[in-house]
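Chemist: In our numbering, the protein residues as written are 815 to 960. Just so it is clear, CB atoms sit at the ideal spot from N, CA and C, and this is done for glycine as well. Just passing along the structure, written as structure tokens.
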């Protein structure tokens, strides 16, 4: 299976975007529209971990819960080099949504290597995301180098 980095994206929002220097950035900076012509996730590879959140709308209770959990832990998200992308527009025909066969809510953790590390049909608690990331060899090296 081809890494997620090489697939197209559309109608995505970015939380804690690449290059975000401060975990205390305002909410307006944490949620940005990713241009519809963004064709892949290659800019994130080896630099950022990506959490993908798919939902049928921003009003979806699971989406709201996932967004709240992630944004409430901005310091931990920034410390672990996480970018959160949310697709809440299923009718926009997002290539990544189509490739993954997403129907309804789905949350995934993508490692810096582009591999899917977690894939769930319910919000993944941020503690679970952090524990999974912290157990990864690359993250272990990052923590030693800090």
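1. Whole angstroms are fine: how far does the CA of residue 874 sit from the CA of residue 891?
2. How would you call residue 911, buried or exposed, if buried means at least 16 neighbouring beta carbons within 10 angstroms?
3. If we require 4 or more residues per run, which alpha helix (DSSP H) segments fall completely within the region 900 to 958?
4. Could you give the DSSP three-state label for residue 863: helix, strand or coil?
5. Can we say the region 939 to 955 touches the region 898 to 913, given the rule of at least three CB pairs closer than 8 Å?
Modeler: Based on what the coordinates show:
1. Residue 891 and residue 874: Cα-Cα distance of roughly 22 Å.
2. Residue 911 counts as buried, since no fewer than 16 other beta carbons sit within 10 angstroms of its beta carbon.
3. Every alpha helix (DSSP H) stretch that sits fully inside the region 900 to 958 and reaches 4 residues is listed by chain position as 909 to 914, 940 to 948.
4. Looking at residue 863 - three-state DSSP - the assignment turns out to be strand.
5. Using a Cβ-Cβ distance cut-off of 8 Å, the region 939 to 955 and the region 898 to 913 are not in contact, since fewer than three pairs of beta carbons, one from each stretch, lie closer than that value.
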